[in-house]
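Notes follow the structure.
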Amino acid sequence: MLKTFWGGESGWRDEQLDDGTVIWTAPDGREHLTTPGSRLLFPELSAPTTTVTTTGRPAPHTTGLTMPRRRTTRTEDHAARIAAERELNGSTSRPAAGLTVAD
149 MLKTFWGGES GWRDEQLDDG TVIWTAPDGR EHLTTPGSRL LFPELSAPTT TVTTTGRPAP
209 HTTGLTMPRR RTTRTEDHAA RIAAERELNG STSRPAAGLT VAD
């Protein structure tokens with residue numbers, strides 16, 4: 149998600165080391181280090197690979213590629229789902245007009 153919606157020169161950047169460790173660089177320059185969780189379960193697979201060469205930094209993402217905006221708040225969505233469920237429950241539990249419940 150970080151690379152998709154907040155990437156580019158002014159956004160989050162990542163660098164993957166040979167052992168699978170990823171260094172995330174925040175827009176403000178702080179670095180966050182993540183190590184692969186598989187290292188605990190499969191230590192034999194965490195041997196470093198050969199160094200990968202790249203051609204340079206990717207082009208910054210185009211404008212307009214952003215996280216989708218919500219049309220309603222989560223609270224409004226929750227209230228609408230509850231109201232719809234109550235409406236459904238209320239309409240199915242009442243007998244249709246003209247019908248009576250047998251004694």
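Remember, the working numbering sits 148 above the position in the sequence shown when you count from 1.
Each residue gets a CB set at the ideal place from its N, CA and C atoms; glycine is no exception.
Small disclaimer: the values here were computed from a predicted structure and weren't measured.
Measuring alpha carbon to alpha carbon, tell me which residue in T183, G159 and T223 is nearest G177.
Per the C-alpha coordinates, the member of T183, G159 and T223 positioned closest to G177 is G159.
Decide yes or no for the touch test of the region 185-203 against the region 215-224: beta carbon pairs closer than 8 Å, at least 3 of them.
Segments in contact, no.
State the DSSP-derived secondary structure class of T182, mapped to helix, strand or coil.
Reduced to three states, the DSSP call for T182 is strand.
Can you tell me which residues form a DSSP beta bridge with I171?
Answer is E163 and L181.
Nearest to T183 by CA position, among I171, R234 and T223, is which residue?
The option with the nearest alpha carbon to T183 is I171.
Which residue from L189, T173, L193 and E179 puts its Cα closest to that of D166?
A check of alpha carbon separations from D166 across L189, T173, L193 and E179 identifies L193 as the nearest.
By Cβ distance below 8 Å, which residues in the same chain neighbour G238 in space, the five residues on each side in sequence not counted?
Excluding positions up to five away in sequence, the list is empty.
Roughly how many whole angstroms lie between the Cα atoms of R161 and P175?
Between R161 and P175, the C-alpha separation is close to 8 Å.
Between L189, S186, P191 and E163, which lies nearest to H180 when the distance is taken from Cα to Cα?
Of L189, S186, P191 and E163, the residue nearest in Cα terms is E163.
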